[in-house]
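Chemist: Heads up: the protein sequence lines correspond to chains A and B, in order. The opening position of the first sequence corresponds to residue 14 in the working numbering, with each subsequent residue numbered one higher. The opening position of the second sequence corresponds to residue 14 in the working numbering, with each subsequent residue numbered one higher. So that we are looking at the same thing, I have put the structure below in structure tokens.
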Amino acid sequence: MTVGVLALQGDFREHADVLRTLGADVIHVRRPEELAVVDGLVIPGGESSVMDKLARAFGLAEPLRARIRSGLPVYGTCAGLIMLADSVLDAIVGQESLGGLDVVVRRNAFGSQTQSFETDLDIPVLGADPVHAVFIRGPVVESVGPAATALATLADGRVVAVEQGNLLGTSFHPEITGEYRFHEYFLSKVRARTLAA
Amino acid sequence: MTESTSTEQFGSSRVKRGLADMLKGGVIMDVVTAEQARIAEDAGAVAVMALERVPADIRSQGGVARMSDPDLIEAIKAEVSIPVMAKARIGHFVEAQVLQALEVDYIDESEVLSPADYVNHIDKWGYNVPFVCGATNLGEALRRINEGAAMIRSKGEAGTGDVSEATKHIRKIKSEIAQLSSMSKDELYVAAKELQAPYALVAEIAETGKLPVVLFTAGGVATPADAAMMMQLGADGVFVGSGIFKSGNPAQRAAAVVKATTFYDDPAVIAEVSRGLGEAMVGINVSDLAAPHRLAERGW
């Protein structure tokens, strides 16, 4: 079982460290031939507009879309959630997402960095203990379509974590807080699919 | 406001250092107009540094270099949605207060501007907005982190297009970290004294083998190969100042530097993006600069 981390830009090393700690074989993915061998993929935090440009410039965007459509387990944090959204608000001109999650995501929804924050969230699917979540110029899910499910909301009701089949997206960054449960949950999807194949 | 706000914590070290984590593997570009900011964002910059004059012009025009006009910063903020950074003079805590009020995403307490205090740097802990500071060696980096810097950039020599100082500084910082990692515990007290840095930070680095914050490289990067070299030397990302908008074809060069930063270890990609970029900035050899004109020597 090989798990890839999209390594075009962003905090991909933090994700790779968490996944290795959990026992996964991890490779960095920057090229189509690297994507071809992974059983699951993490799209890290970073700048979504930069990841989009590089993914298209190096022939990775279409293979990514094809693998997402074919059921590859993918977990996106922050920029990764934006990449996975079917629809993105406040994108830069010409920015494209990969799609897969039936959601509308607003990029940079909280404003400038002075509005970035950390807080505790209740996420029942991960257990009773709250998840400590760090939001860094993060996006929010403005609407959840019928195919997707909200996993977590802020106290004001805004959705910040979603799931749809093998796809998982969070507005926040478990990879920098020592919170491993999202990655475990993602790896359980990878394992289930690998065993079924 | 909802009840959740009472548990939300703003401006923590994790939140401040975290933004720098998200910039890793990226290129931060100096821009002096909203139009340049648009070109930078379109080319794939992870952030822009808003300033009134690029270092090459500060150098050639002389005079006191200060924080940018708030109108300029706001125009750039309005033009792009990637993070916007801005520079305050070393020690000028009121410029920093102003930049925080303008809600920039990062403040660069920068030697490129004229220092406002030749003894003290800004006490950066009291701000919600994070700070990046320059360093030429590990001791300087740790003094800045001790003052609250959430990101470090090796200084290089800004506005020259000569990458040799950038090389020297990133190598110096990396090799001093490696030396700490190989020391026994009882040697770290003297190491802290010699680095003129707090013992707790020195001990932490000896243990982890890396800085507790993100380390970018700056100062003289002018080509895709320069950027890739900095990444191979261990930088987490690069700042490009005068190198882009003082060159013949800024949009193409900016996009090429972005690609070379991601594929820093792939010479075939670096070769491909380096083709036909037109003229690089003319540049000045750092060895031709008289000592008083070396910006990297500002900061203490």
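Glycine is no exception: its CB is placed at the ideal position from the N, C-alpha and C atoms. Quantities reported herein were computed from a predicted structural model and do not represent experimental measurements.
How about leucine 94 of chain A: is its C-beta nearer than 7 Å to some C-beta of chain B?
Modeler: Not closer than 7 Å to any Cβ of chain B, the Cβ of leucine 94 of chain A fails to qualify, so no.
Chemist: For phenylalanine 199 of chain A, which residues from the same chain have a beta carbon less than 6 Å from its beta carbon, with the 5 sequence-adjacent residues on both sides left out?
Modeler: Within the same chain, phenylalanine 199 of chain A has close Cβ partners Tyr88, Leu181.
Chemist: Anything in chain B within Cβ reach of phenylalanine 123 of chain A, meaning under 9 Å, just list it in chain order.
Modeler: Ordered by position in chain B, no residue passes the 9 Å Cβ test against phenylalanine 123 of chain A, which lies about 10 Å from the chain.
Chemist: Decide if methionine 196 of chain B is buried, meaning its Cβ has at least 16 other Cβ atoms within 10 Å, or exposed.
Modeler: Exposed is the call here.
Chemist: Report the start-end ranges of each beta strand (DSSP E) in the stretch 219 to 260 of chain B that is 3 residues or longer and not cut off at the edges.
Modeler: Runs found: 227 to 230, 251 to 253.
Chemist: DSSP state of alanine 347 of chain B, grouped into three classes?
Modeler: Only positions 14 to 313 of chain B appear in the structure, and residue 347 of chain B is not among them; the question remains open.
Chemist: Using the beta-carbon count (16 or more within 10 Å), is glutamine 22 of chain B buried or exposed?
Modeler: Looking at its Cβ environment, which holds fewer than 16 other Cβ atoms inside 10 Å, glutamine 22 of chain B is exposed.
Chemist: By Cβ distance below 6 Å, which residues in the same chain neighbour histidine 105 of chain B in space, the five residues on each side in sequence not counted?
Modeler: Excluding residues within five positions, the ones whose Cβ falls inside 6 Å are Ala129.
Chemist: Beta strand (DSSP E) containing tyrosine 88 of chain A: first to last residue?
Modeler: From DSSP, the beta strand (DSSP E) with tyrosine 88 of chain A extends over 87 to 90.
Chemist: To the nearest angstrom, how far is it from the Cα of histidine 196 of chain A to the Cα of alanine 56 of chain B?
Modeler: Between histidine 196 of chain A and alanine 56 of chain B, the C-alpha separation is close to 32 Å.
Chemist: Give the secondary structure of phenylalanine 166 of chain B by DSSP, where H, G and I count as helix, E and B as strand, and everything else as coil.
Modeler: The identity of residue 166 of chain B in the sequence shown is arginine, whereas the question assumes phenylalanine. Arginine 166 of chain B falls in the strand class under three-state DSSP.
Chemist: Looking at the structure shown, is leucine 134 of chain A part of a helix, part of a strand, or coil, going by DSSP?
Modeler: Leucine 134 of chain A falls in the strand class under three-state DSSP.
Chemist: Counting contacts by CB-CB distance shorter than 7 Å, is serine 17 of chain B in contact with chain A?
Modeler: Residue placement at serine 17 of chain B is flagged as unreliable, the pLDDT there being 44, under the threshold of 50; a coordinate-derived value is accordingly withheld.
Chemist: Any beta carbon of chain B sitting closer than 7 Å to that of glutamate 155 of chain A?
Modeler: Not closer than 7 Å to any Cβ of chain B, the Cβ of glutamate 155 of chain A fails to qualify, so no.
Chemist: Taking only the alpha-carbon atoms, compute the straight-line gap between glycine 72 of chain A and alanine 47 of chain B and give it to the nearest angstrom.
Modeler: Answer to the nearest angstrom: the Cα atoms are 31 Å apart.
Chemist: Have a look at serine 17 of chain B and valine 270 of chain B and give me their C-alpha separation to the nearest angstrom.
Modeler: Unreliable positioning characterises serine 17 of chain B in this predicted model, as indicated by a pLDDT of 44, which lies under 50. The coordinate reading is nonetheless provided below. For serine 17 of chain B and valine 270 of chain B, the distance between alpha carbons rounds to 42 Å.
Chemist: Would you tell me roughly how many angstroms separate the C-alpha atoms of leucine 32 of chain A and glutamine 74 of chain B, rounded to the nearest one?
Modeler: Spanning the two alpha carbons is a distance of roughly 52 Å.
Chemist: If distances are taken between C-alpha atoms only, which option among A:Ser110, A:Ala74, A:Asp24, A:Glu27 comes closest to glutamate 46 of chain A?
Modeler: Measuring from the Cα of glutamate 46 of chain A, the nearest candidate turns out to be A:Ala74.
Chemist: If the cut is a Cβ gap below 7 Å, which residues of chain B does leucine 19 of chain A touch?
Modeler: What leucine 19 of chain A touches in chain B: nothing, since even the nearest Cβ is about 11 Å away.
Chemist: Which whole-angstrom value is the C-beta distance of serine 125 of chain A and aspartate 84 of chain B, which I expect to be below 8 Å?
Modeler: About 17 Å separates the two Cβ atoms, so there is no contact after all.
Chemist: Would threonine 15 of chain B be called buried (16 or more neighbouring beta carbons within 10 Å of its own) or exposed?
Modeler: Only weak support is given to the placement of threonine 15 of chain B: the predicted model assigns it a pLDDT of 36, under 50, and the question is left unresolved by the model.
Chemist: Against isoleucine 95 of chain B, what residues of chain A qualify as contacts under a CB-to-CB distance less than 7 Å, listed in chain order?
Modeler: The answer, in chain order, is Glu60, Ser62.
Chemist: From isoleucine 105 of chain A to proline 263 of chain B, what does the alpha carbon distance come to, in whole angstroms?
Modeler: Approximately 19 Å, taken between the alpha carbons.
Chemist: Using only the alpha-carbon positions, how far apart do threonine 149 of chain B and phenylalanine 252 of chain B sit?
Modeler: Distance between the alpha carbons of threonine 149 of chain B and phenylalanine 252 of chain B: 15 Å.
Chemist: Using 10 angstroms around the beta-carbon of glutamine 22 of chain A, count the other beta-carbons present and answer buried if the total reaches 16, otherwise exposed.
Modeler: Buried.
Chemist: Measuring straight from C-alpha to C-alpha, what distance separates arginine 204 of chain A and proline 86 of chain A?
Modeler: Each residue's alpha carbon lies about 10 Å from the other.
Chemist: Can you name the start and end residues of the beta strand (DSSP E) that aspartate 55 of chain B belongs to?
Modeler: Careful: aspartate 55 of chain B lies outside any beta strand (DSSP E), inside the alpha helix (DSSP H) at 47 to 56.
Chemist: Alpha carbon to alpha carbon, how far is serine 260 of chain B from glycine 291 of chain B? Give it in angstroms, no decimals.
Modeler: Answer to the nearest angstrom: the Cα atoms are 8 Å apart.
Chemist: Please give me, in chain order, every unbroken run of the alpha helix (DSSP H) with length at least 4 that falls completely inside the stretch 128 to 212 of chain B.
Modeler: Those alpha helix (DSSP H) runs which fall completely within the stretch 128 to 212 of chain B and span 4+ residues are 151 to 159, 177 to 194, 201 to 208.
Chemist: Which of the three DSSP states, helix, strand or coil, is assigned to arginine 102 of chain B?
Modeler: In the structure shown, arginine 102 of chain B sits in a strand (DSSP, three-state: E or B).
Chemist: For the candidate residues B:Ser94, B:Ile41, B:Val203, B:Ala162, whose alpha-carbon lies nearest to that of glycine 256 of chain B?
Modeler: Of the listed residues, the one whose Cα sits closest to glycine 256 of chain B is B:Ile41.
Chemist: For isoleucine 135 of chain B and alanine 109 of chain B, I'd like the C-alpha separation in whole angstroms.
Modeler: Approximately 8 Å between the Cα atoms of the pair.
Chemist: Using a C-beta to C-beta distance shorter than 8 Å, which residues of chain A count as neighbours of arginine 27 of chain B?
Modeler: The contacting residues are Glu131, Val147, Ile189, Thr190.
Chemist: Taking only the alpha-carbon atoms, compute the straight-line gap between lysine 181 of chain B and glycine 39 of chain B and give it to the nearest angstrom.
Modeler: Each residue's Cα considered, the two are about 21 Å apart.
Chemist: Less than 7 Å between C-beta atoms, sequence neighbours within five positions excluded: which residues of the same chain meet that for threonine 190 of chain A?
Modeler: Same-chain partners within the cutoff: His145, Val147.
Chemist: Quick test of your reading: alanine 235 of chain B and isoleucine 283 of chain B, contact by CB under 8 Å. State the CB separation rounded to the nearest angstrom.
Modeler: Their Cβ separation, rounded to whole angstroms, is 14 Å, which puts alanine 235 of chain B and isoleucine 283 of chain B out of contact at 8 Å.
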